[in-house]
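Enquirer:
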Amino acid sequence: MTAYEKVMAARDANKLTSVDYISHMFGDSFIELHGDRRYADDKAVVAGLAMLFDTPVTVIGIEKGRNTKERVERNFGQAHPEGYRKALRLMKQAEKFRRPVLCLVDTSGAYPGIGAEERGQGQAIAENLMEMMTLKTPVLTVLIGEGGSGGALALAVSDEVWMLENSVYSVISPEGCASILWKDSSKAAEAAEALKLTAQDLFDLGVIERIIRQPKAGDQAMFESLKMLIKRTFEKNLALDDEELLNARYERFRKIGIPD
Amino acid sequence: MDLFAFRKPKNELESDEGESKNVPFVPEEMWIKCPKCNTMLLTTDMEENLHVCTKCNHHFRMNGRDRVEMLADKDTFIEFDADLVSHNILDFPGYDQKLEKARKTGAKESVICGECKMNGIDTVLCVMDPTFMMGSMGVVTGEKITRAFEYATENSMPIVVCTAAGGARMQEGILSLMQMAKTSGAVKRHSDAGNLYITVLTDPTTGGVTASFAMDGDIILAEPDCLVAFAGPRVIEQTIRQKLPKDFQTAEFVLQKGFIDSVVSRNNLKSTLVKLLKLHGYSGEEA
Ligand SMILES: [Zn+2]
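In order, the protein sequences belong to chains A and B. FYI, my numbering numbers position 217 of the first sequence as 217, with every residue one higher than the one before it. Here my numbering = 1-based position in the second sequence + 260.
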């Protein structure tokens with residue numbers, strides 16, 4: 001697949017969304033928690049507690065919706081500041097109980113709208129980046145579709161970041177990039193190539209730790225092996241003391257793109 | 261994103277109405293038109309007035325060097341990492357030429373970092389330069405800011421950061437996005453060690469810079485009327501398909517919404533910073 005075909009696959013309306021992953025991996029053990037305790041409950045972010053085998057975990061996912069009605073309700077997976085604040089509230093709660101945090105990312109970006117700006121979209125994302133960097137509990141992020149810029153990064157300042165083989169992660173959409181740089185959004189395919197946004201590109205650039213095979217609905221064996229992988233990563237990081245955990249997280253980002 | 265061209269009226273809704281017809285002929289570079297009140301100003305007058313319109317107080321954008329000179333005590337600024345410059349790490353088409361063009365302005369990178377004295381007080385100072393690729397944040401920008409915070413943390417020093425950015429440097433792809441996380445980490449360590457960080461938002465502060473260290477200051481100041489946004493006005497208008505209110509996303513707007521501490525005119529900026537530094541127990545010998 002070309003880079004732009006990967007972008008299209010990542011946006012495919014029929015692919016699995018965060019709620020699908022949650023139900024396949026955690027089934028009935030999942031209990032949803034709502035609200036940012038500041039202003040509202042943002043439905044673009046679905047979050048709660050679940051059992052990963054015998055370990056309680058906090059799960060936070062950006063949800064695009066699986067049909068037209070849901071997509072409207074979920075604002076097409078474009079979170080407002082309340083979504084990021086809900087996520088941070090539950091991450092802090094997880095830290096209190098030293099519960100590992102799993103973030104599932106699938107968003108074209110944080111919502112660019114009047115209310116979002118009025119209520120501090122930039123501030124909400126900035127706070128997540130800063131607080132996640134020193135969250136004293138293991139955090140793992142899996143990109144399951146689109147990873148759109150700051151709105152994705154706000155749930156991805158983690159110990160490890162994994163990507164599904166057909167997911168993408170980029171600073172800007174290829175269409176946006178092409179229209180700003182070349183005044184021609186039809187050059188999106190070229191922009192997608194140039195931006196280096198596929199899982200393989202990001203792995204080669206040292207931005208992610210692992211590429212995950214794309215699971216299909218009902219492929220329970222695949223979900224079980226993904227769960228095992230997540231469990232082992234959490235166990236490894238739970239064994240570290242706070243200082244080791246946070247130093248490793250800091251260094252993970254500190255070294256990215258460092259000029260020699 | 262390089263969404264905002266230098267010296268364009270920053271609010272796209274304010275049109276650049278009719279050229280003034282009554283101005284006597286003078287060499288073009290000697291005059292500059294104020295985008296707010298349309299007055300023709302002598303460039304030297306405007307520059308001597310800290311790049312502020314003598315008639316209506318409109319704050320023109322300042323390049324990094326001029327701003328460092330304005331804030332640091334004379335001959336005290338020691339620049340860090342002056343030789344750290346951007347490269348076309350992803351082989352992005354056209355980026356080499358863009359960098360070459362940007363360097364012709366005299367700036368080497370979109371941020372200048374160093375230490376200096378402000379009324380005798382030792383301070384780390386980072387100034388983003390809107391004349392260099394609209395201050396966009398690339399790997400080197402993020403690296404220089406991170407190193408400045410790490411230096412301030414090691415030496416228990418306060419830091420002042422003047423932000424200006426059209427957003428991330430998209431020609432550096434995901435690596436530019438990662439600078440948001442990297443800088444935030446360095447800010448957090450500086451903060452957790454009990455040090456003071458003051459942000460000064462200048463025109464324009466948008467995108468990934470707004471969504472990281474610009475909003476992390478213990479105290480956040482902004483210059484009058486500057487654009488402060490996560491999503492730029494054009495992106496929002498395209499999304500919601502309606503025109504934005506005139507004063508949306510100005511410094512005064514974000515002050516009213518509770519996201520910054522104060523709007524400070526440029527002629528009071530240094531004295532305000534010094535006052536805040538003193539209130540946090542920092543002192544120094546005045547030269
Ligand atoms: Zn004026």
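Using N, Cα and C, we set each Cβ at its ideal position, and we do this for glycine too. Note that the structure is a prediction, hence the values are computed from the model and not measured.
Ends of the alpha helix (DSSP H) at A:ILE208?
Expert: Looking at the DSSP string, A:ILE208 is not in any alpha helix (DSSP H), and its letter there is neither H nor E.
Enquirer: Under 8 Å: do the stretch 368-381 of chain B and the stretch 390-408 of chain B share three or more Cβ pairs, one atom per stretch?
Expert: yes
Enquirer: Should A:MET130 be flagged as near chain B, meaning a C-beta pair shorter than 8 Å?
Expert: yes
Enquirer: Examine chain A for any beta-carbon lying closer than 8 Å to the beta-carbon of B:ALA332, and answer yes or no.
Expert: no
Enquirer: Could you check whether A:ALA124 and A:TYR84 sit closer than 8 Å to each other, using their CB atoms as the reference points?
Expert: Taking C-beta atoms as the reference points, A:TYR84 and A:ALA124 count as a pair closer than 8 Å.
Enquirer: Threshold first: 3 residues or longer. Then list the beta strand (DSSP E) segments lying entirely within the stretch 370-425 of chain B, N to C.
Expert: 371-378, 381-388 and 419-425
Enquirer: Is B:THR499 close to chain A, meaning its C-beta is less than 8 Å from at least one C-beta of that chain?
Expert: yes
Enquirer: Would you call the stretch 476-492 of chain B and the stretch 112-127 of chain A in contact, with 3 or more CB pairs under 8 Å?
Expert: Yes, the stretch 476-492 of chain B touches the stretch 112-127 of chain A.
Enquirer: Would the C-beta of B:THR299 count as close to ligand 1, meaning under 7 Å from any of its heavy atoms?
Expert: yes
Enquirer: In the stretch 473-527 of chain B, which residue ranges form an unbroken alpha helix (DSSP H) of at least 4 residues, counting only runs that do not cross its ends?
Expert: 493-500 and 511-516
Enquirer: Taking only heavy atoms of ligand 1 into account, decide whether any of them is closer than 7 Å to the Cβ of B:HIS318.
Expert: yes
Enquirer: Going along the chain, which residues of the stretch 173-184 of chain A sit with their C-beta nearer than 9 Å to a C-beta in chain B?
Expert: GLY176, CYS177, ILE180, LEU181 and TRP182
Enquirer: Look at A:ALA199 and A:SER158 and say whether their C-beta atoms are less than 8 Å apart.
Expert: No, they are not a contact pair.
Enquirer: Could you check what DSSP says for B:MET440 in three-state terms: helix, strand or coil?
Expert: helix
Enquirer: Going along the chain, which residues of the stretch 141-163 of chain A sit with their C-beta nearer than 7 Å to a C-beta in chain B?
Expert: Residues of the stretch 141-163 of chain A with a C-beta less than 7 Å from any C-beta of chain B: SER149, GLY150, LEU153 and VAL157, listed in chain order.
Enquirer: Find the nearest neighbour of A:GLU160 within the set A:GLU251, A:PRO81, A:LYS43 and A:GLU73, judged by alpha-carbon distance.
Expert: A:GLU251
Enquirer: Which residues, in chain order, does the stretch 406-423 of chain B contribute to contact with chain A at a C-beta distance below 8 Å?
Expert: THR406
Enquirer: In the DSSP assignment, what residue or residues form a beta bridge with B:LYS293?
Expert: B:MET300
Enquirer: What number of angstroms, rounded off, separates the C-alpha of A:ALA40 from the C-alpha of A:GLU82?
Expert: Near 6 Å, if we compare the C-alpha coordinates of A:GLU82 and A:ALA40.
Enquirer: To the nearest angstrom, report how far apart B:GLU360 and B:ASN379 are at their CA atoms.
Expert: 36 Å
Enquirer: So which residues of chain A does B:PRO353 contact, with C-beta pairs closer than 8 Å?
Expert: Simply GLU190 and ALA194.
Enquirer: Can you tell me where the beta strand (DSSP E) holding A:GLU146 begins and where it ends?
Expert: 139-148
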